[in-house]
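Structure, as structure tokens:
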Amino acid sequence: MNKNGLSLQIFFLSLLLTFASAEITNLKITADSRGMILFEKFGFTHTGHVMVSVTDVSYSSPSQTDLSRFGFFLLSEEALIQVVLEAEPNPNFCILDSRYTIPLFTFKDLSLSQRNFNHSYPVSTPSEYSLYFANCVPESQVTMTVHTETFNTDNGVKDYLPAGQTQLPMLYFLFSLAYFAFLGFWIYVCYSNRLSLHRIHILMASLLLMKALNLICAAEDKHYVKVTGTPHGWDVLFYIFQFLRVVLLFTVIVLIGTGWSFLKPFLQEREKKVLMIVIPLQVLANLASVVIGETGPFIKDWVTWNQVFLLVDIVCCCAIIFPIVWSIRSLRETSKTDGKAARNLAKLTLFRQFYIVVIGYLYFTRIVVFALRTISSYNYQWVSNAAEETASLAFYLVMFYMFRPIEKNEYFVIDEEEEEAAEAALRDEEFEL
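Following the working numbering, the numbering of the sequence shown begins with -7 at its first residue and continues without gaps.
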């Protein structure tokens, strides 16, 4: 195996799996020539176990094959850099020979008659380990059916979630309760201010409902994976509500940014185009999310789907900013001619604050959360989830407060005594972003 290819492959896959949940997996590998296949990453306690079962094994090679060159092993995060350094001076390096890996078995251990193997291995040293299969025979292809289980035990009870994720079911459940309470309060606010209710407020209520249902399904999904190793169909509901929630969130941000329903009853052509771009891209992003979540790095296109998801997410985040900028510029131009300085100053201030809030939310949930996942110890991975959900809840609270349905809000400030001061402020401050 090429040493540079080995180093880059191990390191890149490790980065992509900074946050990976484990469950019982069954997969069929057919005529695969990859030198390394990463199955999963798991945080073990001192009572961890990994079980690997392979059946229907076959391989093709242009020459006589040494079966000890095909095998499964565990690699800890601490040993990752050491293996990369070990491979550098040796162009024919086989990771199965590394003293930093924990070998499980090779094809040499297979039953000669049935070509299968089934064994469970205890993991007594707590750490985060990655389960790999290595093929150190050039130009060879492997076909096999693989069944894996990784779990920790607590008083004899199996826990299929990694050490840093066992808290996720309760975490998601508590946040779902917070959003259901938020939804109830929002309905009360809308009912109490029926005369100031706009269509956007109904859409915002739908967003809260989708977010709450998404979280309750995430809690059930993680709970069943934790207890049984499989989600029992809750993952399907999770992806459905996640898709609806994300599409609604981006749509609400775009519509608020354009002033739709608040300032004008219709969208301009360019604003419609933004929605026509964002919504299909979100469909693609959610498709990539499903592939990433329901498969794993053992499929050949897994890295490509990760790249698609990241690229589409970045494009969508950039696209939703434009309507807010357009509204700010439009209000600045209008303020010079319509003689309503105080009202326009309030609107400009509100939209600029909303712009800052959206930028802060996108930055925190995309950059800061990723950094937390990368630098956090494996047994504190739940902290990044808690930070992401806390930031999301704070963003929802601020956005809903800013655009709540009340009769006298910033949109309708018309105090004549403040008109002169507002005109001066509009002249002095250009509201550049």
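Backbone N, C-alpha and C define an ideal beta-carbon position, used for all residues, glycine too.
Does the distance from the C-beta atom of residue i to that of residue j stay below 9 Å?
| i | j | result |
| --- | --- | --- |
| F301 | A277 | yes |
| Y113 | V49 | no |
| E32 | T117 | no |
| S60 | E131 | no |
| N185 | R396 | yes |
| Y388 | L200 | yes |
| G124 | L67 | Looking at the sequence provided, one finds Tyr at residue 124 rather than Gly. Yes. Within cutoff. |
| F177 | C209 | no |
| A311 | V244 | no |
| V75 | I94 | no |
| V282 | D293 | no |
| L354 | C309 | yes |
| V115 | G40 | yes |
| S188 | I398 | yes |
Note down the Cα distance separating residue i from residue j, rounded to an integer number of angstroms.
| i | j | result |
| --- | --- | --- |
| H224 | Y216 | 7 Å |
| V274 | K264 | This sequence places Gln at residue 274; Val is not what is there. Going from the Cα of Q274 to the Cα of K264 covers about 15 Å. |
| V390 | Y347 | 12 Å |
| D151 | N371 | 14 Å |
| P289 | L166 | 31 Å |
| I316 | M394 | 14 Å |
| V360 | I29 | 29 Å |
| A155 | N144 | 8 Å |
| F404 | Q159 | The pLDDT assigned to F404 is 43, lower than 50, so where the model puts this residue is not dependable, and the model offers no usable value. |
| L303 | N147 | 44 Å |
| R237 | K203 | 6 Å |
| D89 | Q56 | 19 Å |
| S168 | V239 | 19 Å |
| F343 | F392 | 13 Å |
| T22 | M136 | 7 Å |
| G27 | R324 | 60 Å |
| T222 | A211 | 13 Å |
| N18 | T296 | 22 Å |
| F62 | N108 | 13 Å |
| E381 | I16 | 27 Å |
| N(-4) | Y92 | In this prediction, N(-4) scores a pLDDT of 46, lower than 50, which makes its location untrustworthy; the coordinate-derived value is nonetheless stated afterwards. Taking the straight line from one Cα to the other gives about 18 Å. |
| T98 | Q133 | 15 Å |
| E78 | K218 | 36 Å |
| L163 | A386 | 16 Å |
| E402 | F34 | Per-residue confidence for E402 stands at a pLDDT of 47, beneath the threshold of 50, marking its modelled position as unreliable; no derived number is given. |
| G352 | D58 | 56 Å |
| P272 | V181 | 33 Å |
| A338 | R262 | 25 Å |
In the DSSP assignment, what residue or residues form a beta bridge with residue i?
| i | result |
| --- | --- |
| M136 | I21 |
| H41 | P114 and F143 |
| N127 | F62 |
| Y51 | V134 |
| K196 | Residue 196 is actually Met in this sequence, not Lys. Paired residues: none, contrary to the question. |
| V266 | None; V266 has no bridge partner. |
| S122 | K33 and L67 |
| P95 | F65 |
| F109 | V46 |
| D151 | N144 |
| M391 | The partner list for M391 (beta bridge, DSSP) is empty, contrary to what the question assumes. |
| M28 | A126 |
Using CA coordinates, which residue listed in the options is at the minimum distance from residue i?
| i | options | result |
| --- | --- | --- |
| V42 | P83, S52, C128 and V138 | V138 |
| F230 | D213, I316 and Q133 | D213 |
| S384 | L207, W226 and E286 | L207 |
| N127 | L240, P272, F65 and R365 | F65 |
| V129 | L160, C209 and S25 | S25 |
| A280 | I194, D227 and N298 | N298 |
| F362 | M196, V350, F97 and A379 | A379 |
| T341 | M136, V282, Y355 and S319 | S319 |
| G241 | A197, I73, V219 and C209 | Note that residue 241 is Leu in the sequence shown here, rather than Gly. When only C-alpha atoms are compared, the closest one is A197. |
| S369 | I16, T17, F36 and I87 | F36 |
| I499 | V219, L267 and I179 | Look at the range of the chain in this structure, -7 to 425, and you will see that residue 499 is not part of it. |
| Q373 | R321, L187 and L153 | L153 |
| S103 | I73, L72, T47 and E80 | T47 |
| G251 | L96, I192 and Q74 | I192 |
| R358 | V283, V307, N84 and P81 | V307 |
| S322 | M268, Q260, V228 and T287 | Q260 |
| P161 | R262, P83, W226 and F172 | W226 |
| D305 | V270, L72, E286 and L96 | V270 |
| T140 | F172, K20, K339 and A338 | K20 |
| A170 | H190, N84, Q157 and L205 | L205 |
| N377 | I248, V228 and Q157 | Q157 |
Taking residue i and residue j to be in contact with their CB atoms under 8 Å, please state how far apart those CB atoms are, rounded to whole angstroms.
| i | j | result |
| --- | --- | --- |
| E70 | S119 | 7 Å |
| V350 | L364 | In fact, because the Cβ distance is near 21 Å, the residues do not count as touching under 8 Å. |
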